[in-house]
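Here the structure is laid out as structure tokens; the discussion comes afterwards.
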Amino acid sequence: MTLSLDIAHLTALYEQGKATPEAVVEEVFARIGKRGVSPDWIALRDKASVLDRVRHAPRGPLYGIPFAVKDNIDVGGMPTTCACPAFAYTPERSATVVERLEAAGAILIGKTNLDQFATGLNGTRSPYGIPTNVFNADYISGGSSSGSAVAVAAGLVSFSLGTDTAGSGRVPAAFNNIVGLKPTKGIISTRGVVPACKSQDAVSIFALTVADAAKVAEAAIAFDKDDCYARADAPPFAVAEFARPLRVGIPNAPLSFFEDSEYQRLYHQTIDRLAELGAEITPFNFAPFRDTAALLYDGPWVAERLFAADDLSESDLNPVVGDIIRSGKSKSALSVFEGFYRLAEFRRAADAEWKRMDVMVLPTAGTTYKIADMLADPIRLNSNLGAYTNFVNLLDLSALAVPAGFRDDGIPFGVTLIGRAFADGQLAAVGDMLHRALDGAKLGATQVALSGAPPVTTARPVKKRTVQVAVVGAHLRGQPLNGQLTERDAVYRETCRTAKGYRLYALPGTTPPKPGLVFEGSGPGGLEVEIWEMDEAAFGSFVALIPPPLGIGTLVLDDGRQVKGFLCEGHALRGAEDITEFGGWRAWLTRTAVA
Numbered sequence: 264m265t266l267s268l269d270i271a272h273l274t275a276l277y278e279q280g281k282a283t284p285e286a287v288v289e290e291v292f293a294r295i296g297k298r299g300v301s302p303d304w305i306a307l308r309d310k311a312s313v314l315d316r317v318r319h320a321p322r323g324p325l326y327g328i329p330f331a332v333k334d335n336i337d338v339g340g341m342p343t344t345c346a347c348p349a350f351a352y353t354p355e356r357s358a359t360v361v362e363r364l365e366a367a368g369a370i371l372i373g374k375t376n377l378d379q380f381a382t383g384l385n386g387t388r389s390p391y392g393i394p395t396n397v398f399n400a401d402y403i404s405g406g407s408s409s410g411s412a413v414a415v416a417a418g419l420v421s422f423s424l425g426t427d428t429a430g431s432g433r434v435p436a437a438f439n440n441i442v443g444l445k446p447t448k449g450i451i452s453t454r455g456v457v458p459a460c461k462s463q464d465a466v467s468i469f470a471l472t473v474a475d476a477a478k479v480a481e482a483a484i485a486f487d488k489d490d491c492y493a494r495a496d497a498p499p500f501a502v503a504e505f506a507r508p509l510r511v512g513i514p515n516a517p518l519s520f521f522e523d524s525e526y527q528r529l530y531h532q533t534i535d536r537l538a539e540l541g542a543e544i545t546p547f548n549f550a551p552f553r554d555t556a557a558l559l560y561d562g563p564w565v566a567e568r569l570f571a572a573d574d575l576s577e578s579d580l581n582p583v584v585g586d587i588i589r590s591g592k593s594k595s596a597l598s599v600f601e602g603f604y605r606l607a608e609f610r611r612a613a614d615a616e617w618k619r620m621d622v623m624v625l626p627t628a629g630t631t632y633k634i635a636d637m638l639a640d641p642i643r644l645n646s647n648l649g650a651y652t653n654f655v656n657l658l659d660l661s662a663l664a665v666p667a668g669f670r671d672d673g674i675p676f677g678v679t680l681i682g683r684a685f686a687d688g689q690l691a692a693v694g695d696m697l698h699r700a701l702d703g704a705k706l707g708a709t710q711v712a713l714s715g716a717p718p719v720t721t722a723r724p725v726k727k728r729t730v731q732v733a734v735v736g737a738h739l740r741g742q743p744l745n746g747q748l749t750e751r752d753a754v755y756r757e758t759c760r761t762a763k764g765y766r767l768y769a770l771p772g773t774t775p776p777k778p779g780l781v782f783e784g785s786g787p788g789g790l791e792v793e794i795w796e797m798d799e800a801a802f803g804s805f806v807a808l809i810p811p812p813l814g815i816g817t818l819v820l821d822d823g824r825q826v827k828g829f830l831c832e833g834h835a836l837r838g839a840e841d842i843t844e845f846g847g848w849r850a851w852l853t854r855t856a857v858a
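Taking the numbering used here, the leading residue of the sequence shown gets 264, the next gets one more, and so forth.
Encoded structure:
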């Protein structure tokens, strides 16, 4: 029987004494030798050095688990090329995420091929060759994390790291019948990752099962003070059910499948499958998400790609990649701000749609292409591949790509479950359920049945009652007292605004500075608040910390909902500055800092 490399299976074999990490490493190198190093890999570690590392590997949760990393992620002592030989350098230190995985006991095998400088969703833009689809070599593998996806799907490693700015951790997963986890931006460190668009990049995880991806995420996710985009407010990763009956959003207008009737059929089958699993199917307006997707390459964010490659000559770059990167030079400072303004408008419209649903389900890609066709029309066809992926990072969303069947010609199809920021663990619960609903599902291109791998371990449903509380000042994310919420395991839910009638004042003599929110009836409202949720016991201890003149009352939001939230006693307003016109505490702090 062929050895399955899924993490749960290997871990069980080690625990039972039926296999050793050394034997697994030998098997991995034998499989790579049989398949060939090129074009999937750019560099392998020497087998002898890998075996030596195995002997000293920490016995953590990923002990003895072989993995690969995309070659825009630093590994100490190995060149980082970004699929551009002229760019190559050899770092002394590995990326933070690699350090964390190795500290958990995982065994790095090597570095994988990619679309040069992570620019592309198709996998054909590398001087090291074109990794092909594991099911049909005439077809693209998807990019830019092409080699990382192929290495997992072909059964060469248990998991791999990619990066995802526009869909590079999802499209290759869909085309190769594996799982692709695109976490919320900032929860996996990008220190030591060559940026594509630094403000929008995320490290992604490819795995054979959702359970495996979740296990890797648990080890990889941590706040990194050396990453300027790291999220200190991120909750711990934990697989959990959505609190209410699952509401799955689908676009209320037809999607384009670029004349691929098979992908269209498989998408609608997925929707039917979710309904059979008990989900409430809810139409939503896809327009703000679609319009955001167009910003990533048509807007100013393409100029960020100059950061890594601006010093290279035209001859150093893949012609298509070079054209894309050089187009960033035409972006002006004005166009950057125009892009920010448009994104803010789209985000506001998108936020309204999230009130209808817990998760949206989209085709990961509307179709796929043969390599020859992609090379003949590289820009237009690549753009088609990003139609349902490009908006996710710009709107600060989480995403999980899972297999969803095969076309009649044997080419895989996948869907992506998309949630709000920090919904990663909840998406895992839904994604695993959906993946396992496929009849006869196999792991990647192997013959190992998904049914033989254990499902995700879901946290027990919380029986305790919870309370949602609206915070308006020093307890906001990034503000001095936010730790009073996070240390009670409170979870950030959303940012919204108050109904009419409220005013906001800057209270004098408070440490740290605090605002006072009052209902005066004549106030314009529309004041920014954050909603946090915690269990009742934690809420009680939280309220006990609140000093006068502040207290907790009932706030009315602009959509009519009522939640508990901070209110201020009227006598404290004597001498206080009315800052209502700023629309919220953050805006007032920013304006006063500038002044």
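Even glycine gets a Cβ: it sits at the ideal position worked out from N, Cα and C.
Per-residue burial, residue i [other beta carbons within 10 Å of its own, 16 or more giving buried]
i: GLU577; result: exposed
i: ASP687; result: buried
i: GLN710; result: exposed
i: ASN515; result: exposed
i: ASP269; result: buried
i: LEU808; result: exposed
i: ASP315; result: exposed
i: HIS319; result: exposed
i: ILE336; result: buried
i: ARG507; result: exposed
i: ALA414; result: buried
i: LYS333; result: buried
i: ILE794; result: buried
i: PRO321; result: exposed
i: HIS272; result: buried
i: ILE642; result: exposed
i: LYS618; result: exposed
i: PRO435; result: buried
i: HIS698; result: buried
i: LYS777; result: buried
Spatial neighbours of residue i in its chain, beta-carbon cut-off 8 Å, leaving aside the 5 residues before and after
i: MET797; result: THR729, VAL730, VAL732, LEU748, ARG751, ASP752, ALA753, VAL754, PHE805
i: ILE815; result: VAL732, VAL806, ILE809, LYS827, GLY828, PHE829, LEU830
i: GLY838; result: PRO771
i: ARG298; result: ALA417, LEU419
Same chain, Cβ closer than 6 Å to residue i, five either side skipped, listed in chain order
i: PHE486; result: ALA493, ALA495
i: ILE842; result: LEU767, ALA769, TRP851
i: LEU680; result: VAL622, VAL624, LEU663, LEU690, VAL693, GLY694
i: GLY449; result: TYR492, ALA493, ARG494
i: VAL725; result: Bear in mind that a pLDDT of 44 at VAL725, under 50, signals an unreliable position, so the model cannot answer this.
i: SER519; result: GLY629
Limits of the unbroken beta strand (DSSP E) element including residue i
i: PRO546; result: 543-547
i: SER423; result: 422-426
i: LEU620; result: A quick correction: the sequence has Met, not Leu, at residue 620. It is not in any beta strand (DSSP E) - MET620 carries neither H nor E in the DSSP assignment.
i: VAL826; result: 825-831
i: ILE842; result: Segment: none, ILE842 is in no beta strand (DSSP E) and carries neither H nor E.
i: LEU644; result: It is not in any beta strand (DSSP E) - LEU644 instead sits in the alpha helix (DSSP H) that spans 641-648.
i: ALA306; result: 304-307
Residue range of the alpha helix (DSSP H) that includes residue i
i: PHE609; result: 596-617
i: GLY668; result: Element bounds for GLY668: not the alpha helix (DSSP H) but the beta strand (DSSP E), 660-669.
i: LYS445; result: LYS445 -> not in any alpha helix (DSSP H); beta strand (DSSP E) instead, spanning 442-445.
Same chain only: Cβ atoms within 7 Å of residue i, ignoring 5 sequence neighbours per side
i: HIS901; result: Since the first residue shown for the chain is 264 and the last is 858, residue 901 is missing from the structure and cannot be characterised.
i: MET696; result: LEU540
i: ALA366; result: PRO321, GLY323
i: ALA503; result: GLY688, GLN689, ALA692, THR721, ALA722
Proximity test, residue i beta-carbon vs the ligand ATP heavy atom, cut-off 8 Å
i: ASP523; result: With respect to small molecules bound, the structure shown includes none, and the ligand ATP cannot be examined in it.
Entirely enclosed alpha helix (DSSP H) segments - the segment 737-815, minimum 4 residues | 746-749, 799-806
Evaluate contact between the segment 662-677 and the segment 569-580, counting only Cβ atoms and requiring at least three cross-stretch pairs below 8 Å.
-> no
Start-end ranges of the alpha helix (DSSP H) lying completely within the segment 674-738, minimum 4 residues | 687-699
Per the contact definition of three or more C-beta pairs closer than 8 Å, is the segment 299-316 in contact with the segment 532-540?
-> no
Curious, which full-length beta strand (DSSP E) runs of at least 3 residues does the segment 451-535 contain?
-> 466-470, 510-514
Whole alpha helix (DSSP H) elements within the segment 326-409, 4-residue minimum = 359-366
Per the contact definition of three or more C-beta pairs closer than 8 Å, is the segment 358-370 in contact with the segment 386-401?
-> Touching, no, given that fewer than three Cβ pairs across the two stretches are closer than 8 Å.
Any contact of the segment 643-663 with the segment 624-633, i.e. 3+ C-beta pairs under 8 Å?
-> yes
Are the segment 459-479 and the segment 419-429 touching by the rule of at least three beta carbon pairs closer than 8 Å?
-> yes
Should the segment 281-292 be called in touch with the segment 335-354, which here means at least 3 C-beta pairs below 8 Å?
-> no
Is the number of C-beta pairs between the segment 366-376 and the segment 407-415 that are closer than 8 Å three or more?
-> yes
Hey, is the segment 381-388 in contact with the segment 467-483, meaning 3+ C-beta pairs nearer than 8 Å?
-> no
Touching by the beta-carbon criterion (3+ pairs, under 8 Å), the segment 582-590 and the segment 559-569 = yes
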